[in-house]
Structures are given as C-alpha cells and as structure tokens.
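So the protein lines, in turn, are chains V and D.
The opening residue of the first sequence carries number 1 in the UniProt record's numbering; numbering runs sequentially from there.
The opening residue of the second sequence carries number 1 in the UniProt record's numbering; numbering runs sequentially from there.
Each residue gets a CB set at the ideal place from its N, CA and C atoms; glycine is no exception.
Every value quoted in this text rests on a predicted model; they were computed, and no experiment measured them.
Number of protein chains: 2
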Amino acid sequence: MQTLHVDLGERSYPIYIGSGLLGRADLLTPHIVGRQVAIVTNETVAPLYLSQLEAALQGYELTSVVLPDGEAFKNWETLQLIFDGLLGARHDRRTTVVALGGGVIGDMAGFAAACYQRGVNFIQIPTTLLSQVDSSVGGKTGINHPLGKNMVGAFYQPQAVLIDTSTLNTLPARELSAGLAEVIKYGLICDEPFLAWLEGHMQALLDLDSQALTAAIARSCAAKARVVSADERESGIRATLNLGHTFGHAIETEQGYGVWLHGEAVAAGTVMALEMSHRLGWISASERDRAVRLFLAAGLPVVPPAEMSANDFLQHMAVDKKVLDGQLRLVLLRQLGEAVVTADFAPEILNATLNADYAAQLERLVN
Amino acid sequence: MQTLHVDLGERSYPIYIGSGLLGRADLLTPHIVGRQVAIVTNETVAPLYLSQLEAALQGYELTSVVLPDGEAFKNWETLQLIFDGLLGARHDRRTTVVALGGGVIGDMAGFAAACYQRGVNFIQIPTTLLSQVDSSVGGKTGINHPLGKNMVGAFYQPQAVLIDTSTLNTLPARELSAGLAEVIKYGLICDEPFLAWLEGHMQALLDLDSQALTAAIARSCAAKARVVSADERESGIRATLNLGHTFGHAIETEQGYGVWLHGEAVAAGTVMALEMSHRLGWISASERDRAVRLFLAAGLPVVPPAEMSANDFLQHMAVDKKVLDGQLRLVLLRQLGEAVVTADFAPEILNATLNADYAAQLERLVN
C-alpha cells in the first residue's frame with residue numbers, strides 16, 4: 001500500500017492506494033466521527049463490492065443508497081434520492097457519507113455530503129480508474145444542469161480517499177481506457193518523463209498488471225495533489241488539470257451525457273488542444289503526434305464527432321466555467337509537460353482548430 | 001446609517017443599516033467583482049423595489065430572476081429557476097448574486113450562489129424585519145426537504161448585507177410581528193437589558209418609528225454577529241440562536257410550510273422552551289410570563305396548534321439538525337439573557353412541556 005497526502009491545512013487528507021483495501025476497516029474507522037454511516041453506490045457496483053464494504057463497517061448504523069448507474073443520472077432528481085435515504089433513516093450531522101463507485105457517484109455523494117444539513121463528513125472509495133486518478137482527489141463535487149456539465153456543486157474535501165486497485169478487475173475495458181485519458185493528461189500538463197514511462201507500460205496497464213496500475217495511479221494522484229494543494233479553489237494553476245476538458249465538455253453536452261464517456265471526450269478534446277498548441281507554434285507536429293499515439297495506444301478516440309460544427313463547439317464553450325467576464329480561456333501546452341491557461345490567442349487559430357480535419361490526420365498517423 | 005462588521009477572517013463583511021439605502025450604488029459596487037450581476041427576488045417584492053435596485057446597478061450586465069413568493073416554494077424546483085436564469089444568460093463564475101427579499105429569498109439565493117459553478121459572490125438585501133435581524137447575517141443558506149426544514153444547504157457568507165429600513169413600510173403587520181419574534185429572542189438568549197428596552201419601545205416598533213427600528217435591528221445584528229464570529233459553523237454557541245426553533249420547526253413542518261410564518265412558529269416554540277426552562281427550575285414563572293407578555297405585545301402567537309400531540313412534536317424533533325448521535329439537544333434558558341444547548345434533561349420534563357396546557361396559561365395571563 002502507498003499513502004499520499006493532500007496538503008490543505010486543516011482540510012488535509014490521506015490517499016491510500018493498493019490492492020484489496022476495500023475490506024480494511026482499520027483504514028476507514030479513523031475517518032468516521034459519529035455512529036452513522038451512509039454508503040452511496042450504484043446498481044452496477046453494489047452487487048460487486050457493497051457487501052464487502054458493509055462487512056468492514058459493521059457496528060455502525062448503516063444506510064446504503066443504491067442509485068441508477070451513469071452520467072445521465074448525475075442530476076438533481078438522483079441527488080434527491082440520497083437526501084431521501086439519509087432523512088428517511090434519520091441521519092444527523094455527524095453522519096459520514098461514503099462514496100463507493102466511479103466519478104458520478106463520487107461527485108454526487110460528495111455534493112450531497114456538502115449540502116446535507118449544511119455539511120457532513122465524507123470518504124471517497126473510487127472504483128474506476130478515471131475516478132481513482134482524477135475526480136476522487138481534490139474536492140470538486142457537483143451535478144449537471146441541462147445547460148452545462150458540473151454547473152451546480154461545491155468544493156468539498158473528503159476525510160480520506162481509499163483506492164483499491166483490485167476493483168479494476170471488474171471494470172469494462174472501455175472504461176479502463178477512459179481512465180487512461182486522465183493518466184496521460186498528467187504527463188502532458190506537468191510530468192513529461194511520465195509520457196515515456198506510459199509509452200513503455202501501456203500494455204501492462206491494459207493487462208491490469210497491478211504493479212503498473214499502482215505506480216500509474218500513485219504518480220497521477222501525486223500530480224493532482226500537488227496542483228490542488230497549490231490552488232484549491234481553481235483561481236490559477238488548478239485550471240490546467242482541465243486540459244482538453246473545454247473541448248471535451250462540448251462534445252459530452254452536444255452528444256448527451258453518457259453517450260461518450262468523460263475520458264473519451266477528454267481524449268478527443270485533448271487532441272484538439274494539442275492541435276491548437278501546435279497551430280500557435282508552441283509544440284511541433286511530431287510532439288502532437290506522439291501524444292495522439294499515446295491516446296490511440298490506450299484505445300481512446302482521437303477524432304471529435306464528425307457531425308459537430310465549429311459553431312456547436314463555440315456555443316457550448318461559451319458557458320464553460322473558465323469563461324471570465326465573457327472571455328474564453330483555454331488550457332494549452334507551451335510544450336509537452338507544461339500547460340498554461342490562456343485567453344491570449346487569435347480567434348482565427350481557435351476557428352482553424354475547430355475546423356481541422358482530424359479524421360484525415362488520424363489516417364496519416366496510422367498509415 | 002450604521003455600519004457593523006461580521007468578523008470572520010478572510011470571510012468578514014459589513015452590514016449597512018439605515019433608511020433609503022436601496023438606491024445607494026456607492027454601497028453596492030465595492031462588493032461586486034465582475035461585470036455580471038443577478039438579482040434574485042420574488043413576485044411580491046419585485047413590483048415594489050426591483051426597479052430601484054436595477055437603476056442603482058445600471059452599467060452591469062444584469063439578470064433579474066423573479067420567483068414565486070413564500071416558504072412553500074423554498075425547494076429545489078424553485079432553486080432550479082435561479083440556475084436556469086443564470087445559465088440562460090450565461091453568467092460566469094465572477095457573477096455576483098444579489099438577494100432582494102425576505103428570508104426565503106436570501107436563503108435560496110445564497111444557496112444558489114454557493115452552488116453555482118461551485119461558488120460565486122453574493123450580497124444580501126433583506127426586505128423583511130425577520131431577514132434583516134436574522135437570516136441575512138451569518139451565512140446559513142439552504143432549502144427545505146419534504147422531511148425537514150433547511151435540511152439541504154451550505155454555510156456561505158455574503159460579501160455585504162444592506163439593510164434598508166424603509167422597505168419595512170410595505171411589510172404586512174403580521175410579518176413585522178414575525179420579525180419581532182427574532183428580535184425578542186436576542187434579548188432572551190444573550191442581552192437581558194434589551195428586554196427592558198423592548199418593553200419600552202414595542203409600540204414604537206409596531207408604529208414603524210424609524211429610529212426605534214434602526215436601533216432594534218442594529219442591536220439584533222450586533223448580537224448575531226458576535227455569536228457567528230465566535231462559532232461560524234455551529235459547533236457550539238451558535239446553536240443558542242435556535243432558541244424556540246426546534247419546537248417551532250416541528251410546528252412549521254406539521255402545519256405545512258408557510259401556514260405559520262417562521263417567526264410565529266418561533267414565538268410559540270420559544271414559549272415552550274421557556275416553559276421547559278421553568279420546569280427545570282432555571283427560570284421563575286414570572287420570568288417566563290414576562291417573556292410571554294413581550295411576544296403578546298408584539299402580536300405573536302404564544303400557544304402551539306391545539307391539534308398537535310406530543311408525539312407529533314417528537315417525530316419532527318427527531319430529525320432536527322441539533323440531534324447528535326441520536327440524542328436530542330435543546331436550546332433552553334439558564335436565566336433570562338443566558339441560553340444553553342443541552343441534552344441533559346429528564347424525558348419526563350420534555351414530555352410535560354409538550355403536554356402542558358398553553359391555552360389555559362394564556363387565559364390566566366391575560367385575565
């Protein structure tokens with residue numbers, strides 16, 4: 001087991017990473033203050049892991065809330081089911097909410113913990129690669145609104161994050177790939193040597209080699225913890241974690257939540273950010289192609305939906321949370337391993353990026 | 001104009017109190033960071049004061065969201081209308097949300113500000129006595145759940161509170177009385193000399209004498225600011241502000257939100273807390289009666305609904321936010337001017353309090 005620390009003063013917390021941690025009561029109980037625990041999970045994860053977690057928490061007054069599975073349910077109606085479950089079982093403000101599932105469960109359970117009686121304790125147990133390396137760390141919680149993703153939420157830090165790599169054994173291959181999109185992202189924004197490591201270990205990761213997984217997750221979480229510690233509420237550097245996300249969110253929103261997986265949209269969105277960084281003269285064509293190849297090796301899409309026009313993108317991007325005083329800001333790469341947030345680009349470069357022929361580029365790359 | 005300060009470190013803010021402040025752009029603009037402002041108000045307040053406020057804010061990109069009026073609408077569906085308005089007009093995270101209205105508007109607009117894009121700036125302009133002396137100060141925001149009042153919300157401090165006493169000229173008499181319930185509360189919990197002042201000035205307050213109003217509001221806000229500064233997140237002394245509220249919330253919930261005004265329920269609930277404090281031997285019958293007379297003089301109910309049984313009360317009180325690890329805690333009076341939060345009472349005393357004949361007591365008092 002590896003233990004990392006997210007350093008946020010009085011809101012600091014540990015991240016435990018290893019195989020078989022789910023049943024480890026000794027890791028959970030130090031982070032539970034009262035006698036009530038509410039586990040929030042979904043219909044897919046519950047049959048696989050809920051009983052194991054419930055066993056580890058026996059002795060507590062336990063309520064389990066099982067939600068429908070998927071990004072399409074990351075909305076108020078589903079959130080309300082958590083409040084119904086907590087109030088129905090008379091959970092008080094010393095309750096601890098435990099999220100058992102992927103990013104959607106973590107975001108919703110975390111937001112519910114932030115709002116229930118104006119805030120109760122919260123533990124993250126992410127069970128997908130994407131949530132293990134990204135959403136479970138850093139305290140971003142929330143739900144979607146029909147007009148925009150994650151538009152309603154809170155910054156709310158957990159008491160602890162417990163990452164059991166053995167939960168990845170039951171993860172569909174498509175979701176494993178989606179998680180790798182965020183892993184690759186850390187290399188691109190702040191850890192160039194990690195890209196070479198990933199090029200060498202991509203097959204091991206896809207084969208669920210537990211040593212490779214633990215190494216990749218720990219390196220990703222460490223990168224995220226560094227950034228979050230420096231900028232908890234995203235007034236600056238934290239926004240670089242959103243490389244590819246502004247383009248990616250537009251894809252997700254346009255296609256309807258859940259049609260593209262978040263990581264898939266981030267992969268295609270990052271390819272667009274790479275393209276734009278190249279058109280700005282910041283990275284070379286071969287650096288761009290190196291990154292695109294890594295996404296391809298991870299089994300990820302590198303071409304945005306053919307039917308999406310430049311205008312479709314612009315419309316969704318106008319409500320991005322990085323828009324300030326009407327000005328669109330994008331995360332781009334100064335070089336591989338160095339991301340910047342900038343509004344300083346000519347509109348023609350953005351337009352050319354939105355209109356680029358990514359399918360043809362892919363064609364060239366694989367032939 | 002009087003200016004008070006709520007001292008909360010980097011979340012400190014001023015409270016401006018005086019007549020005719022609503023049009024004072026010079027008080028508002030220092031607290032607005034971006035170029036977008038969203039005013040949240042309701043159908044009753046909008047025709048009276050919205051255009052005046054909009055005029056003071058001309059030059060900003062302005063969106064006004066007008067909600068239906070009443071506690072019955074303090075729910076997610078109505079909150080959603082705020083998010084719809086903000087997203088529809090593409091408000092970004094440098095938006096400032098301004099609450100123009102009573103406690104329901106302040107609580108909902110504040111919660112919307114806390115959640116919109118994970119938190120935007122917020123200014124309170126309370127237009128009822130109740131919200132001016134209570135809910136606009138201290139950062140409690142939220143909405144009701146069918147199973148309990150204010151069960152979903154956030155601690156979220158405004159950038160400033162602007163109290164224009166002239167808005168009370170259009171306040172219905174019943175709501176003025178409801179506000180006086182919270183004013184009297186401050187005397188009872190922490191300012192015994194204020195009770196004598198109120199006994200001497202009750203008629204002036206009911207007559208909307210602006211000097212008396214300003215004095216009473218400033219003294220109430222100062223009391224609240226002291227308590228909130230000492231305990232922002234209600235881990236201790238702040239709970240004393242809820243004198244009468246546990247009994248009162250039970251009345252509100254049982255009767256259906258909005259049937260009893262919040263201040264009316266607090267008055268009757270406080271009479272129950274006085275009764276219980278008396279039965280515990282902490283205050284005398286004449287001290288209890290002195291406080292009851294003050295509520296009567298303010299035009300407030302001092303008898304809980306005849307049809308509510310002890311069991312009705314207990315059922316609602318079991319989900320009170322002051323319940324910890326299953327133990328009900330109540331705010332009671334050690335003496336007039338000194339409140340305590342305690343779980344240390346015999347169940348029989350609570351039962352006797354719930355079964356006391358308040359109607360007969362009132363009969364004795366007025367004859």
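With respect to chain D, the C-beta atom of residue 60 of chain V has no partner C-beta closer than 8 Å. In this model, residue 206 of chain D and residue 125 of chain D are separated by some 22 Å (Cα to Cα). The distance from the Cβ of residue 74 of chain D to that of residue 104 of chain D is about 5 Å, consistent with a contact at the 8 Å cut-off. In this structure, DSSP gives residue 91 of chain V a state outside helix and strand, which the three-state scheme calls coil. For residue 347 of chain D, the uninterrupted alpha helix (DSSP H) segment begins and ends at 347 to 355.
The beta carbon of residue 32 of chain V lies closer than 6 Å to those of 96 in the same chain, with the five residues before and after it left out.
A buried status is given to residue 331 of chain D, since no fewer than 16 other beta-carbon atoms sit within 10 Å of its beta-carbon.
Rounded to whole angstroms, residue 229 of chain D and residue 81 of chain V show a C-alpha spacing of 34 Å.
The continuous stretches of alpha helix (DSSP H) do not include residue 24 of chain D, and DSSP gives it neither H nor E. In the structure shown, residue 210 of chain D falls within a helical segment according to DSSP collapsed to helix, strand and coil. At a C-beta separation below 7 Å, residue 276 of chain D has no neighbours in chain V, since its nearest C-beta there lies roughly 21 Å away. Within a 10 Å sphere around the beta-carbon of residue 342 of chain D sit fewer than 16 other beta-carbons, which makes this residue exposed.
Of the other Cβ atoms in all chains shown, 16 or more fall within 10 Å of the Cβ of residue 162 of chain V; this residue is therefore buried. Residues are counted here when their Cβ sits less than 8 Å from a Cβ of chain D; for the region 294 to 325 of chain V these are 318, 319, 321, 323, 324 and 325, given in chain order. The DSSP assignment places complete beta strand (DSSP E) segments of no fewer than 3 residues inside the UniProt domain "3-dehydroquinate synthase N-terminal" (65 to 177) of chain V at 96 to 101, 121 to 126, 140 to 145, 148 to 155 and 160 to 164, in order along the chain. Close partners of residue 221 of chain D in chain V (Cβ separation under 8 Å) are lacking, with about 21 Å as the shortest Cβ gap. Rounded to whole angstroms, residue 91 of chain V and residue 366 of chain V show a C-alpha spacing of 56 Å. Residue environment analysis places residue 211 of chain D among the exposed positions, since fewer than 16 neighbouring C-beta atoms fall within 10 angstroms of its C-beta. Residue-level contact check: residue 99 of chain D does not touch chain V, since none of the beta carbons of chain V fall below 8 Å from its beta carbon. Between residue 149 of chain V and the set D/121, D/87 and D/164, the nearest pair of CA atoms involves D/87. Residues of the same chain with their beta carbon placed closer than 7 Å to that of residue 290 of chain D are lacking, with the five preceding and five following residues left out of the count.
When Cβ-Cβ separations below 8 Å define contact, residue 31 of chain D makes no contact with chain V. Under a criterion of Cβ atoms nearer than 8 Å, the residues of chain V adjacent to residue 114 of chain D are, in order, 154. Non-local C-beta neighbours of residue 141 of chain V in its own chain, meaning closer than 7 Å and more than five positions away in sequence, comprise 107, 110, 111, 114, 153, 154 and 156, ordered along the chain. Residues of chain D whose Cβ lies closer than 8 Å to the Cβ of residue 140 of chain V are, in chain order, 118. Note on geometry: alpha-carbon atoms of residue 361 of chain D and residue 323 of chain D lie some 29 Å from one another. Residue burial annotation: residue 220 of chain D is buried, with at least 16 other C-beta atoms found within 10 angstroms of its C-beta. A Cβ-Cβ separation of about 36 Å leaves residue 315 of chain V out of contact with residue 217 of chain V under the 8 Å criterion. Under the DSSP assignment, residue 339 of chain V falls in the beta strand (DSSP E) whose first and last residues are 338 to 342. Along the UniProt domain "3-dehydroquinate synthase C-terminal" (179 to 323) of chain V, the alpha helix (DSSP H) occurs as fully enclosed runs of 4 or more residues at 192 to 206, 210 to 230, 245 to 255, 262 to 279, 285 to 297 and 310 to 317, listed in sequence order.
Exclusion of the five residues before and after residue 318 of chain D leaves 328 as the residues of its chain whose Cβ lies within less than 8 Å of its Cβ. The region 279 to 286 of chain D makes no contact with the region 181 to 194 of chain D: fewer than 3 CB pairs, one atom from each, lie closer than 8 Å. For the C-beta of residue 238 of chain V, not a single chain D residue is nearer than 8 Å; the gap to the nearest is close to 12 Å.
Residue 306 of chain V and residue 272 of chain V have their alpha carbons spaced roughly 13 Å apart.
The beta-carbon of residue 213 of chain V is placed no less than 8 Å from the nearest beta-carbon of chain D.
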